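Colleague: This structure is in structure tokens; I'll ask about it shortly.
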Amino acid sequence: MRLSVIGCGYLGAVHAAAMASIGHDVVGIDTDAEKIAALSRGEAPFFEPGLSELLAEGVASGRLSFTTDIAAAAGARVHFVGVGTPQQQSGHAADLTHVHAAFDSLLPHLHAGDVVAGKSTVPVGTAATLTDAVAATGATLVWNPEFLREGWAVQDTIDPDRLVAGVPTGPAGVQAAEVLREVYHPAVAKGTPFIVTDYATAELVKVAANAFLATKISFINAMAEIAEVTGADVTQLADAIGHDVRIGRRFLGAGIGFGGGCLPKDIRAFAARAEELGRGESVTFLREVDAINLRRRDRAVQLVIDGLGGSVFGKRVAVLGAAFKPHSDDVRDSPALDAAVRLHGLGAEVVVTDPQAIENARRMHPQLTYVAERDETLRGADAVLLVTEWDEYRRELSPEHAASLTRGRVIVDGRNSYDAATWRAAGWTYLGMGRP
Ligand code: UDX
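Every number in this note's numbering is 11 more than the matching position in the sequence shown, counting from 1.
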């Protein structure tokens with residue numbers, strides 16, 4: 012099928028490449044000429060495992076092309092809209108400027124029978140405000156949220172856990188859902204749940220899923236706070252409660268907390284939307300979830316201060332990680348960089364390393380020192396702070412090797428990634444998050 016994808020950021024670029032890889036003819040459209048030029052050469056404009064290969068294949072096959080010209084959408088049967096919905100400059104609500112701009116530019120190019128599939132994460136009620144303008148062209152609007160995780164985006168797009176389509180009532184909605192089912196044929200054929208529902212439910216599924224995940228992380232981080240005053244070990248606690256299949260161990264990783272371009276902004280936008288709807292009290296807990304999450308950043312900084320005897324001033328701190336999580340170069344709302352910036356503000360000589368995210372980090376926080384090599388970062392450090400659990404820090408760094416490079420022997424494990432006993436046995440002061 013011929014598809015257009017409007018917005019070639021994380022979501023759109025991956026979606027376009029993934030759809031081409033399952034046999035569709037795809038045109039990706041974005042207003043950013045530089046991004047389009049890179050994508051047209053088959054190059055990923057950001058780090059995402061497997062994406063470059065998929066882009067190169069798609070472009071070489073002729074099934075995948077990119078342009079800044081929205082008129083190229085004409086002729087596609089399905090138009091995916093995957094533009095960003097960042098947090099507003101003032102306040103917590105989502106900024107829908109890009110969504111409105113994308114729809115305004117797409118509308119003149121729609122034909123009767125087309126399907127417009129909104130993929131952006133939007134406040135519940137957004138699709139209802141867009142549907143009439145789409146229907147006036149003879150096309151049908153569906154809301155088809157995306158659940159991909161950065162670092163696993165290609166796999167999550169080709170082989171998702173579930174597919175959700177919010178459609179209008181009546182035959183046009185039924186037909187649009189069928190078209191979408193056809194687009195996702197390989198996943199549907201292997202039994203992936205395909206849930207057809209109304210707009211509001213589809214929009215809510217996305218924010219509810221992210222709210223739940225954020226809550227799960229903050230729940231275990233709240234337990235970490237209690238563990239810290241009782242001498243309990245939150246990682247053992249998580250293992251023990253995680254054996255209950257109703258709870259499950261995943262997303263019970265206590266540490267410096269969540270960041271990135273989705274969870275923090277999505278829970279804030281959800282709370283703001285609930286307020287607008289007069290139901291703020293239904294999700295007051297999300298403010299708590301946010302607050303607990305931000306407190307963990309303070310805690311990690313405090314552990315470095317404690318480890319260094321009460322002050323970081325003039326001390327060299329090696330920060331392992333800048334991205335908000337491993338397998339990503341994304342530094343948006345990164346707890347790692349937040350901690351690094353605070354330590355720098357307290358007078359520490361902060362040296363940050365990351366296998367992928369240094370360029371992005373430098374652009375955002377030029378005041379910090381960045382070093383590509385892990386070992387060079389560790390050299391001469393008084394304390395080490397692990398904040399992004401890349402394998403080269405988590406698995407491939409022994410306490411003995413680290414000790415051969417650093418000056419001090421203080422390690423703060425912001426992701427509870429290390430075995431405390433092993434580091435202590437090697438002479439380190441090991442400080443974890445919610446661990447004795
Ligand atoms: C998230 C959702 O998982 C995804 O479904 C949605 O489409 C977009 O938002 P992503 O932002 O890519 O995806 O990252 P995710 O893997 O969810 O991690 C989010 C943050 O939580 C990271 O900073 C990670 O380090 C942190 N995290 C995750 C924890 O602190 N503890 C955990 O146990 C798990």
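No residue lacks a Cβ here, since even glycine has one placed at the ideal position from N, Cα and C. A quick note: this is a predicted structure, and the numbers were derived from the prediction, not measured.
Taking all protein chains shown into account, decide if P204 is buried (16 or more other Cβ within 10 angstroms of its Cβ) or exposed.
Modeller: exposed
Colleague: What do you get for L288, buried or exposed, if any count of 16 or more other CB atoms within 10 angstroms of its CB means buried?
Modeller: exposed
Colleague: Going by beta carbon distance, what residues of the same chain come within less than 6 Å of G270, once the five residues before and after it are set aside?
Modeller: F335, D344, S345, P346
Colleague: Quick one: which unbroken alpha helix (DSSP H) runs of 4-plus residues sit fully inside the region 348 to 424? Chain order, please.
Modeller: 369 to 375, 385 to 389, 402 to 405, 410 to 414
Colleague: With DSSP collapsed to three states, give me the class of Y441.
Modeller: strand
Colleague: Taking only runs that begin and end inside the region 182 to 270, name each unbroken beta strand (DSSP E) of 3 or more residues, in chain order.
Modeller: 205 to 208
Colleague: Examine the ligand UDX and report whether any of its heavy atoms sits within less than 6 Å of the Cβ of E214.
Modeller: no
Colleague: Pick out whichever of S339, V423, S428 has its Cα sitting closest to the Cα of Y441.
Modeller: Nearest C-alpha to Y441: V423.
Colleague: Quick check: L248 and M234, are their CB atoms within less than 7 Å of each other?
Modeller: yes
Colleague: Excluding five sequence neighbours on each side, which residues of the same chain lie with their C-beta closer than 7 Å to the C-beta of A285?
Modeller: G291, S293, V294
Colleague: For F77 and R406, I'd like the C-alpha separation in whole angstroms.
Modeller: Here the alpha carbons of R406 and F77 stand approximately 39 Å from one another.
Colleague: Buried or exposed: which applies to T433, given that a residue is buried once 16 or more other Cβ atoms fall within 10 Å of its Cβ?
Modeller: exposed
Colleague: Measure the beta-carbon distance from A413 to I369 and round it to whole angstroms, keeping in mind my assumption that it falls under 8 Å.
Modeller: Wrong, their Cβ atoms sit about 20 Å apart, outside the cutoff.
Colleague: For A28, I'd like the list of residues in its chain whose CB is within less than 7 Å of its CB, leaving aside the five on either flank, ordered along the chain.
Modeller: Here A28 has L62, L65, L66, G69, L75 as same chain residues with Cβ atoms under 7 Å from its own Cβ, once five neighbours each way along the sequence are excluded.
Colleague: Look at the Cβ atom of L396, then the Cβ atom of V328, and state whether they are nearer than 7 Å.
Modeller: yes
Colleague: Taking only heavy atoms of the ligand UDX into account, decide whether any of them is closer than 6 Å to the Cβ of C273.
Modeller: yes
Colleague: At the level of alpha carbons, what is the spacing between V190 and L152?
Modeller: 12 Å
Colleague: Beta carbon of K130: closer than 6 Å to some heavy atom of the ligand UDX?
Modeller: no
Colleague: Does the structure place the region 112 to 123 close enough to the region 45 to 57 that three or more beta carbon pairs sit under 8 Å?
Modeller: no
Colleague: Could you tell me how far apart the beta carbons of L389 and T417 are, in whole angstroms, since I believe they sit closer than 8 Å?
Modeller: Indeed, because the Cβ distance is near 5 Å, the residues count as touching under 8 Å.
Colleague: Could you work out which residue in I267, W401, V382 is closest to D349 when comparing CA atoms only?
Modeller: I267
Colleague: Hey, could you find the ends of the alpha helix (DSSP H) T78 is sitting in?
Modeller: Taken as a continuous stretch (DSSP letters only), T78 belongs to no alpha helix (DSSP H), being part of the beta strand (DSSP E) at 75 to 78.
Colleague: Please determine whether the Cβ atom of L397 lies at a distance below 6 Å from any heavy atom of the ligand HEM.
Modeller: The ligand HEM is not among the ligands present in this structure, which contains only the ligand UDX.
Colleague: Which two residues bound the contiguous beta strand (DSSP E) that contains V38?
Modeller: 36 to 40
Colleague: Just to confirm before moving on: does the CB-CB distance between L354 and V382 stay below 7 Å?
Modeller: no
Colleague: For the ligand UDX, is there any heavy atom lying closer than 6 Å to the beta carbon of R160?
Modeller: yes
Colleague: With distances taken between CB atoms, is the gap from C19 to G34 smaller than 7 Å?
Modeller: no
Colleague: Taking the alpha carbon of G318 as the point to measure from, which residue in V245, A243, M444 has its own alpha carbon closest?
Modeller: It is M444 whose Cα lies nearest to the Cα of G318.
Colleague: Would you say R420 lies against chain C (beta-carbon separation less than 7 Å)?
Modeller: The structure shown contains no chain C; it is built from a single protein chain.
Colleague: With distances taken between CB atoms, is the gap from G438 to R420 smaller than 7 Å?
Modeller: yes
Colleague: Can the beta-carbon of E161 be found less than 7 Å from the beta-carbon of S428?
Modeller: no
Colleague: Please state whether DSSP places Q313 in a helix, a strand or coil.
Modeller: Looking at Q313 - three-state DSSP - the assignment turns out to be helix.
Colleague: Please return the same chain residues whose Cβ sits closer than 8 Å to the Cβ of D167, not counting the five positions on each side in sequence.
Modeller: F158, L159, R160
Colleague: Determine the direct distance from the alpha carbon of K326 to that of A394, and round the result to whole angstroms.
Modeller: 8 Å
Colleague: Tell me which same chain residues have a C-beta within less than 7 Å of the C-beta of R173, skipping the five on either side of it?
Modeller: T203, P204, I206
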